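What follows is one structure encoded as structure tokens, with my remarks underneath.
In the working numbering, the protein residues as written are 29 to 405.
What follows is the structure, encoded as structure tokens:
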């Protein structure tokens with residue numbers, strides 16, 4: 029399915045599913061070897077693949093103005109993204125061209141990047157602007173010693189980087205327009221889990237576990253194993269309804285609205301997701317550290333079309349806290365538990381069924397790209 033259904037079609041399909049006690053079903057069963065979650069060799073191959081795919085670095089709102097920058101590790105590589113005076117976002121290897129020191133940490137705003145080791149200075153466009161003690165480098169070509177650029181694309185409110193010769197356009201192919209220019213970041217968090225990045229990602233790809241895992245958090249407000257799944261090339265969208273959606277049965281269809289009735293979760297291949305929740309949007313980036321460790325980078329944004337006010341910000345923060353302290357926390361526990369169990373020999377593979385079509389869709393694309401990468405290496 030290449031075109032996404034509109035809100036009215038989604039609501040009608042969900043109401044039909046409720047009436048018939050059904051959900052969207054995939055067509056395939058996928059068996060994923062457990063060694064793919066606990067093998068260093070497999071992990072190293074996956075990192076190599078991640079470098080050859082467009083990966084989400086941040087929302088555009090994280091670097092909104094000329095001089096705004098963000099430094100973080102992407103697929104094991106320290107990178108530095110900055111918005112130039114021309115408004116274009118560029119990304120560079122975060123390493124001074126003199127002796128290699130990291131140039132910037134975290135995020136902020138600057139006019140230039142000055143190395144803390146020997147004060148070599150670089151412009152926002154990566155060019156080498158100044159060498160302290162120029163006489164010590166009489167024949168050095170400044171033009172050849174600018175920061176090393178990484179391919180960067182800003183699209184639909186997101187910043188993507190591709191570090192090596194791409195194996196695919198990945199998430200960029202038919203990327204939905206899911207973030208808008210008027211959205212603001214009200215909270216950013218980073219944390220770490222002792223679990224494979226794919227285990228953590230899989231928790232958001234189906235609603236088959238809602239009643240069992242989220243019995244006291246999400247389940248009282250939603251349905252167990254009832255969702256809509258749509259493919260968007262390598263990305264996907266999963267739609268989860270609230271129980272109150274049934275109130276729409278008594279309202280004319282032309283008055284139906286998705287706000288407060290649905291949660292849209294966009295899986296951005298391979299390692300990010302954007303959830304459009306009741307009072308905020310949440311962008312999650314899962315950064316692999318090792319086969320058994322993952323860093324989370326989470327941006328929480330105001331909903332599109334809203335003007336920031338204390339009341340609306342409070343609603344967004346309340347919504348974010350509920351999701352963070354309940355559903356996300358429970359998903360993290362589940363993934364970490366699976367990783368611990370991988371120390372044993374209880375399984376040779378994990379089985380993804382027809383209720384887990386988004387996970388099957390991910391694994392099909394991921395394995396295909398790994399096979400292509402192996403042929404190239």
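Glycine included, C-beta positions come from ideal geometry on N, C-alpha and C.
Being a predicted model, the structure only gives us computed values, none of them experimental.
Looking only at its chain, what residues have a beta carbon closer than 7 angstroms to the beta carbon of residue 229, apart from the 5 residues adjacent to it on each side?
Excluding residues within five positions, the ones whose Cβ falls inside 7 angstroms are 299 and 314.
Quick one: any contact between the region 363–383 and the region 226–242, if contact means 3 or more CB pairs under 8 angstroms?
Yes, the region 363–383 touches the region 226–242.
Given 8 angstroms as the limit, is there contact between the region 259–267 and the region 236–249, that is, 3 or more CB pairs closer than that?
Not touching, per the Cβ criterion.
Let me know the secondary structure DSSP gives residue 211 once reduced to three states.
Here residue 211 sits in coil by DSSP.
How should residue 377 be labelled, buried or exposed, when 16 other C-beta atoms within 10 angstroms of its C-beta is the threshold for buried?
With fewer than 16 Cβ atoms within 10 Å of its Cβ, residue 377 is classed as exposed.
Along the chain, where does the alpha helix (DSSP H) containing residue 20 start, and where does it finish?
The structure shown does not extend to residue 20, since the chain is modelled only from 29 through 405, so no value can be given for it.
So, using beta-carbon positions, are residue 195 and residue 69 closer together than 7 angstroms?
Going by C-beta atoms, residue 195 is not nearer than 7 angstroms to residue 69.
In chain order, what are the residue ranges of uninterrupted alpha helix (DSSP H) at least 4 long that sit wholly in the region 342–375?
Whole alpha helix (DSSP H) segments, 4+ residues: 357–369.
Go ahead and label residue 129 buried or exposed: buried means 16 or more other beta carbons lie within 10 angstroms of its beta carbon, across all protein chains shown.
Residue 129 is exposed by the Cβ-count criterion.
For the beta strand (DSSP E) containing residue 181, name the first residue and the last one.
177–183 is the span of the beta strand (DSSP E), which, as asked, contains residue 181.
Residue 221 bridges to which residues according to DSSP?
The partner list for residue 221 (beta bridge, DSSP) reads 322.
Tell me whether residue 288 is buried or exposed, calling it buried when 16 or more other Cβ atoms sit within 10 Å of its Cβ.
Label assigned to residue 288: exposed.
Smallest Cα separation from residue 397: which of 56, 380, 39 and 80?
Ranking 56, 380, 39 and 80 by Cα distance to residue 397 puts 80 first.
Using DSSP with H/G/I as helix, E/B as strand and the rest coil, what is residue 197?
Correct three-state label for residue 197: coil.
Over the uninterrupted alpha helix (DSSP H) stretch that includes residue 191, give me the two end residues.
Residue 191 -> no alpha helix (DSSP H), and no H or E assigned at all.
Just curious, the beta strand (DSSP E) that residue 121 is in, first and last residue?
First-last of the beta strand (DSSP E) with residue 121: 117–121.
Taking 7 angstroms as the threshold (C-beta atoms), are residue 386 and residue 380 in contact?
No; because the gap between Cβ atoms is not below 7 angstroms, this pair is not in contact.
Just grab the DSSP bridge partners of residue 83 for me.
In DSSP, residue 83 forms a bridge with 189.
Just tell me which of 383, 231 and 297 has its CA closest to the CA of residue 57.
Measuring from the Cα of residue 57, the nearest candidate turns out to be 383.
Classify residue 180 as buried or exposed, calling it buried when 16 or more other Cβ atoms lie within 10 Å of its own Cβ.
Buried.
Where do the N-terminal and C-terminal ends of the alpha helix (DSSP H) with residue 45 fall, by residue?
Unbroken alpha helix (DSSP H) run through residue 45: 35–48.
Please classify residue 339 as buried or exposed, where buried requires at least 16 neighbouring CB atoms within 10 angstroms.
So residue 339 counts as exposed.
Just reading off the alpha helix (DSSP H) that residue 287 is part of, what are its end residues?
That residue, residue 287, is in no alpha helix (DSSP H); it is neither H nor E in DSSP.
Nearest by alpha-carbon distance to residue 71: which of 154, 177, 167 and 317 is it?
Among 154, 177, 167 and 317, the Cα nearest to that of residue 71 is on 317.
Tell me the residue span of the alpha helix (DSSP H) that contains residue 240.
238–241 is the extent of the alpha helix (DSSP H) around residue 240.
Closer than 6 angstroms by C-beta to residue 1: which residues in its own chain qualify, once you throw out the five before and the five after it? Chain order, please.
Outside the shown range of the chain, which is 29 to 405, sits residue 1, and nothing can be said about it.
Does residue 315 come out as helix, strand or coil in the three-state DSSP assignment?
In this structure, residue 315 counts as strand in the three-state DSSP scheme.
Kindly indicate which three-state DSSP category residue 377 falls into: helix, strand or coil?
It is a strand residue.
From residue 295 to residue 170, what distance separates their C-alpha atoms?
In a straight line, the C-alpha of residue 295 is about 42 angstroms away from that of residue 170.
Along the alpha helix (DSSP H) that carries residue 77, what are the first and last residues, could you check?
Residue 77 -> alpha helix (DSSP H) spans 68–78.
Quick test of your reading: residue 86 and residue 178, contact by CB under 8 angstroms. State the CB separation rounded to the nearest angstrom.
Wrong, their Cβ atoms sit about 14 angstroms apart, outside the cutoff.
Would DSSP call residue 164 helix, strand or coil?
Residue 164 falls in the helix class under three-state DSSP.
Assuming residue 271 and residue 251 make a contact with CB atoms under 8 angstroms, what is their CB distance in whole Å?
Between residue 251 and residue 271 the Cβ distance is about 7 angstroms, and since that is below 8 angstroms, they are a contact.
Given a cut-off of 7 angstroms, decide if residue 342 and residue 328 are closer than it, judged by their beta-carbon atoms.
No. Outside cutoff.
In the DSSP assignment, find the beta strand (DSSP E) that holds residue 53 and state where it starts and stops.
No beta strand (DSSP E) holds residue 53; DSSP gives it neither H nor E.
Could you tell me the distance, in whole angstroms, from the CA atom of residue 159 to the CA atom of residue 109?
Using only the alpha carbons, I get a separation of about 22 angstroms.
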